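First comes the structure, then the notes that go with it.
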Amino acid sequence: SAVISQKPSRDICQRGTSLTIQCQVDSQVTMMFWYRQQPGQSLTLIATANQGSEATYESGFVIDKFPISRPNLTFSTLTVSNMSPEDSSIYLCSGGGGGHDYTFGSGTRLTVV
Amino acid sequence: EDQVTQSPEALRLQEGESSSLNCSYTVSGLRGLFWYRQDPGKGPEFLFTLYSAGEEKEKERLKATLTKKESFLHITAPKPEDSATYLCAVLRDDYKLSFGAGTTVTVRA
Numbered sequence: 281s282a283v284i285s286q287k288p289s290r291d292i293c294q295r296g297t298s299l300t301i302q303c304q305v306d307s308q309v310t311m312m313f314w315y316r317q318q319p320g321q322s323l324t325l326i327a328t329a330n331q332g333s334e335a336t337y338e339s340g341f342v343i344d345k346f347p348i349s350r351p352n353l354t355f356s357t358l359t360v361s362n363m364s365p366e367d368s369s370i371y372l373c374s375g376g377g378g379g380h381d382y383t384f385g386s387g388t389r390l391t392v393v
Numbered sequence: 152e153d154q155v156t157q158s159p160e161a162l163r164l165q166e167g168e169s170s171s172l173n174c175s176y177t178v179s180g181l182r183g184l185f186w187y188r189q190d191p192g193k194g195p196e197f198l199f200t201l202y203s204a205g206e207e208k209e210k211e212r213l214k215a216t217l218t219k220k221e222s223f224l225h226i227t228a229p230k231p232e233d234s235a236t237y238l239c240a241v242l243r244d245d246y247k248l249s250f251g252a253g254t255t256v257t258v259r260a
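Respectively, the protein sequence lines represent chains B and V. Those letters in the first sequence? Residues 281 to 393, per this note's numbering, in order. Those letters in the second sequence? Residues 152 to 260, per this note's numbering, in order.
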């Protein structure tokens with residue numbers, strides 16, 4: 281299975297600012313995804329990161345708030361823009377396909393104050 | 152609409168007391184079923200992928216099985232370090248995962 285390195289592991293940010301989260305995969309994967317996980321809850325899919333094209337967003341999530349890049353098959357970023365306290369959560373990236381199981385990064389714990 | 156339901160929500164076991172977790176699903180197209188373990192504050196750790204009914208996979212004290220409508224994760228003689236939340240997810244036709252809410256397992260020494 282692919283190993284995914286995610287950073288930062290945690291951050292405390294001021295409201296109105298933006299944070300970019302990075303994920304690096306140690307091998308090429310077909311699919312990359314970004315999730316949000318609220319405390320005590322399961323994972324909610326934000327978007328699918330498509331290589332070389334715009335991400336595909338799930339209902340309730342928009343590109344202006346969560347811009348995503350995926351320049352190649354091993355790297356992706358998620359930006360949380362114009363943050364408010366409601367954005368405080370754990371953000372997770374995942375990758376898989378191309379012969380790899382779907383694995384996850386270690387997560388980014390975001391607190392907006 | 153796709154649905155993944157895990158039961159029970161929580162499970163408290165005595166060390167050595169074997170038990171099973173259930174994951175039932177209704178999806179229009181199943182490409183696979185995944186099991187993950189998640190410890191507090193960490194990302195899900197991949198355990199198993201099952202692709203077809205009748206398939207079984209084992210890893211240490213864990214064994215996963217799959218039927219056409221559900222999957223079971225059997226924990227044999229659990230230890231306190233098996234305490235975690237166990238998540239199942241189905242891989243749909245669009246290659247996205249739909250997750251269940253998870254089962255939180257607590258194993259007491």
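The beta carbon of each residue, even a glycine, is placed where N, CA and C say it ideally should be. Bear in mind that the values here come from a model prediction, so they are computed numbers and not experimental data.
B/Thr354 and V/Glu207 have their C-alpha atoms some 31 Å from each other. For V/Pro195, the residues of chain B that pass the 7 Å Cβ criterion are Phe384, in the order they occur in the chain.
Residue nearest to B/Val309 within the set B/Pro288, B/Pro319, B/Gln318, B/Ser281 is B/Ser281 (criterion: CA-CA distance).
Within the region 313-343 of chain B, Phe313, Gln321, Ser322, Leu323, Leu325, Thr328 place their CB atoms closer than 8 Å to a CB of chain V, listed in sequence order.
By the Cβ-count criterion, B/Thr328 is buried, with 16 or more other Cβ atoms from all chains shown falling within 10 Å of its own Cβ.
Scanning V/Gln154, V/Glu232, V/Asn173 for the CA closest to the CA of V/Ser179 turns up V/Gln154. In chain order, Ser171, Lys214 place their CB closer than 6 Å to the CB of V/His225, counting only its own chain and leaving out the 5 sequence neighbours on each side. Bounds of the beta strand (DSSP E) holding B/Gln302 are 299-305. Rounded to the nearest whole angstrom, the CA to CA distance from B/Ile343 to B/Ala335 is 8 Å. Bridge partners of B/Asp291 according to DSSP: B/Leu390.
The three-state reading of DSSP puts B/Glu366 in helix, counting H, G and I together. Under the rule that a run must span 3 or more residues, the beta strand (DSSP E) segments found entirely inside the region 227-251 of chain V read 235-242, 248-250. B/Tyr315 sits buried, since 16 or more C-beta atoms from the chains shown fall within 10 Å of its C-beta.
Taking CB atoms only, B/Ser285 has no neighbour in chain V less than 7 Å away. For V/Tyr202, the three-state secondary structure derived from DSSP is coil.
Inter-residue distance for V/Trp186 and B/Gly376 is about 14 Å (C-alpha atoms, whole angstroms).
Taking 7 Å as the cut-off, the Cβ atoms of B/Arg295 and B/Val360 do not count as close. Counting every other CB atom within 10 Å of its CB across the protein chains shown gives B/Gly379 a total below 16, marking it as exposed. Of the residues assessed, B/Ser322 falls on the buried side of the cut-off, its CB having 16 or more other CB atoms within 10 angstroms.
Distances from the alpha-carbon of V/Gly167 to those of V/Leu198, V/Cys239, V/Val241, V/Ser234 put V/Ser234 closest. DSSP, reduced to helix, strand and coil, places V/Asn173 within a strand of the structure shown.
Taking all protein chains in view, the Cβ of V/Lys220 is surrounded by fewer than 16 other Cβ atoms within 10 Å, so the residue is classified as exposed.
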